Amino acid sequence: MNSNSNVLIYTEKTKPNFNIEFDHVDNLASVLPSQYGVIVLETTKYNYHEVEKALGRKELEVNFTQFVLIDMGLELEELTKIVSSHKIFHIISSDELQSLESTILSAVEENALLKQNDELIKLYNEQNKKLKELSDNLEDRVLARQKSLLESKSKSIEASEKLNLLVRAFVTTMEATSIQDMETRLFQAIETPLGIEEIKISLHPPASKTKKKEKGIHIVSFNLRPEVQGSIEFKSSDTQVLDRQKAKTLTQIADATTLNIDRLIQDQETATVQKQWDMTFDAVSHPIAILKKDYTIHKSNKAFRKFNEGQKCYQVLFGHNTPCMNCQFEKSFRITAQSSHHEVISQLHDSDNQAYLHIYRDVTSEIEFKKGILKKAKEAELGTIGGSIAHELNNPLSGIITFIQLIKSDLNSESEFFEDINEMEKAALNCKDIVANLLISSRKSDQDTPQNVNISDSLSRAISLADLRSRSRGIQFSINDTKKKWMISGHSDYLIQIFLELMNSIHDLILESRVDSHKVSKVDISIHEEKKSISVLFNFPLDSKFSIEDCKKDKVLNLKNRIGKNNTSLELSRVAESKGQAKFTFPKL
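Residue numbers (our numbering): 22 to 610.
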């Protein structure tokens, strides 16, 4: 018998042939089941009692031995009794002997697992016992440590309370805005912990030293500088002479407070000087700013626009992302941006910190006034020339039209010259319309007397005046309905000029944004009636990459200011990715 084997096989008939190591016996009386992890029992109706006796041994109650039964013809009643009374791992019938080896291996694994679990439980119990011993020891040490800490904590709390009292007194007086406010704050901070009834801060030395010896009064004098002298008087609710520790604490609080008294006086002096400077600075009507070398605004007066910390001067004044052209430090220069003009005087303000003083003067109105005078002069000259030319052309043109119409009346519609004469008549009539429009644009109208004006007529005349320039550039203006009358109150000549200026602006926008210069750009004009107004819509092509915000700021701004006098409004927007729209709105009659 191999004592190192973990498997015991008891058989009489079966002759096992396995790859695993095992001990084989044919008598159970001499076997100690606790020596084996797995015992295979061949059970027949003859050895039934012997097997049941072996399974009923007392040492198996705490043993992990696994039993495998080979049923060699047991009665069902006997087999049921064994299974219900004893711990059986597996039962194999005589027909399933080929699975015996795998069953034994499974039983060996089960036995090993149970043993391992038992060892783990024993180890856990041992470690738990050791841990309890350590915990008891640690608890004793913690109790001793806690006692020591409580003693230290008591001393620390006392010192901490004193320190916190000093810090609170210093912080609260530092936030004061006046001597009276400082007295109130300091009293609120130390009233309860030190039992103080009254605190008085005086900027004059005490008149008498005898008061110091009075019961419950503690006075601390200070001499910060010749012009700043005084005392702090603490009156305690205790009628007895203050103890040394309390007097020492009050002296320390007074020393901290005197620092804040000096700071408060200096701040008040500085605030007075600063207020005088700010009043002088803000009194200047022109925008003034102190700039750093990187154009960051350090300070500005009221005439300058409000700014946030870190902003640049060109961002606040003109909405630019880069410095203005012509900007130069320590020189005088002119800036033109957003249809405004400024003359700037730059001076060095602080050489150490590289700061410069800039004074801005808006000269837009002066420049616009000069431009207006020149423009009016040119317009007057052009009007005079245009009127003269129109009158000179009108007489011969009337004769030409009359002569063509006489020739046309003498021709038969089937004549070979009829179409040529007809085209000549159309061309002459077109020239007559052009001359008539030229006379209208050069004639001075009565702007003070509004009249009923048909928008369609004014729009058609404006299109005919702009047609020559637009068609040569590949731009075509077309109106949807010219027969219907859309009546408003206004001035016909003025309305034609407004339409012309808008069409010229749209003309320039299309040319700036258009990529294909050979493609004809169509501008569709439509008129719509609303409840209280009449709207004229100009829909024009606009490249998707072109910023319509620039159009609003530069090209249409002046025009919007002008049409406001005629009780109309103008809106410019992008209505599609590649489409812009200008919308005129007129009040209905």
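Glycine is no exception: its CB is placed at the ideal position from the N, C-alpha and C atoms. Bear in mind the structure is a predicted one, so any value in this text is a computation, not a measurement.
Residue from the options whose Cα sits closest to the Cα of residue i
i      : options                        : result
Ile125 : Gly251, Asp441, Pro37, Ser181  : Pro37
Ile531 : Ser258, Leu563, Asn443, Asn433 : Leu563
Ile222 : Ile555, Tyr31, Leu207          : Leu207
Lys553 : Val241, Met508, Glu522, Glu117 : Met508
Ile109 : Lys66, Leu152, Val61, Glu140   : Val61
Arg355 : Glu42, Ala376, Ile388, Glu413  : Ile388
Ser258 : Val294, Ile220, Val241, Leu521 : Ile220
Glu533 : His45, Ser177, His341, Arg494  : Arg494
Glu96  : Lys74, Ser106, Thr65           : Thr65
Leu135 : Glu99, Gly58, Ser120, Leu187   : Gly58
Ile660 : Ser434, Lys392, Glu248         : Residue 660 lies beyond the stretch modelled for the chain, which goes from 22 to 610, so this question has no answer here.
Ile211 : His225, Leu184, Leu224, Thr198 : Leu184
Lys600 : Ser590, Asp545, Arg166         : Asp545
Leu480 : Val456, Leu523, Ala448         : Leu523
His225 : Leu245, Glu218, Ile217         : Leu245
Ala487 : Lys506, Asp502, Ile455, His512 : Ile455
Tyr316 : Gln375, Thr272, Val129         : Gln375
Residues bridged to residue i [DSSP beta-bridge criterion]
i      : result
Thr64  : Asp92
Gln87  : Val59
Asn244 : Gln250
Gly601 : Phe561, Arg595
Asn475 : Met508
Ser223 : Ser252
Pro608 : Ser554
Gln426 : DSSP lists no partner for Gln426.
Ser485 : BP columns for Ser485 are empty, so no partner.
Ser367 : His379
Residue interval of the alpha helix (DSSP H) (run including residue i)
i      : result
Ser534 : 513 to 534
Lys552 : Counting along the chain, Lys552 falls outside any alpha helix (DSSP H), and DSSP gives it neither H nor E.
Val305 : Run containing Val305: none; DSSP gives neither H nor E here.
Gln349 : Counting along the chain, Gln349 falls outside any alpha helix (DSSP H), and DSSP gives it neither H nor E.
Val104 : 97 to 106
Ile200 : 200 to 215
Tyr335 : 334 to 339
Residue i, buried or exposed, once every other Cβ within 10 Å from all chains shown has been counted against 16
i      : result
His70  : exposed
Gln87  : buried
Val89  : buried
Pro308 : buried
Lys574 : The pLDDT assigned to Lys574 is 47, lower than 50, so where the model puts this residue is not dependable; a value taken from the coordinates is nonetheless given after this. Exposed, since its Cβ has fewer than 16 Cβ neighbours within 10 Å.
Tyr67  : exposed
His379 : buried
Ser526 : buried
Gln289 : exposed
Asp431 : exposed
Lys586 : Below a pLDDT of 50, predicted positions are generally treated as unreliable, and Lys586, at 49, falls in that range; no measurement from the model is reported.
Glu63  : buried
Gln468 : In this prediction, Gln468 has a pLDDT of 49, which is less than 50 and means its spatial position is unreliable; nothing more can be read from the coordinates.
Val192 : exposed
Phe39  : exposed
Leu578 : The predicted position of Leu578 is uncertain, since its pLDDT is 47 and thus under 50; a value taken from the coordinates is nonetheless stated next. Flag for Leu578 reads exposed.
Test item: CB-CB of residue i and residue j under 8 Å
i      : j      : result
Val337 : Glu364 : no
Asn322 : Thr194 : no
His528 : Ser491 : yes
Gln497 : Lys543 : yes
Ile41  : Glu122 : yes
Glu446 : Gln426 : yes
Glu592 : Lys604 : yes
Lys352 : Ser367 : yes
Residue span of the beta strand (DSSP E) that contains residue i, given as start and end
i      : result
Asn374 : Counting along the chain, Asn374 falls outside any beta strand (DSSP E), and DSSP gives it neither H nor E.
Leu170 : Not the beta strand (DSSP E): Leu170 falls in the alpha helix (DSSP H), residues 121 to 195.
Residue i Cβ short of 7 Å to the ligand GDP heavy atom set
i      : result
Lys600 : Of the ligands one can find in the structure shown there are none, so the ligand GDP has no counterpart to examine.
8 Å Cβ cutoff, residue i in contact with chain C
i      : result
Ser491 : Although the question refers to chain C, the structure presented lacks it and comprises just one protein chain.
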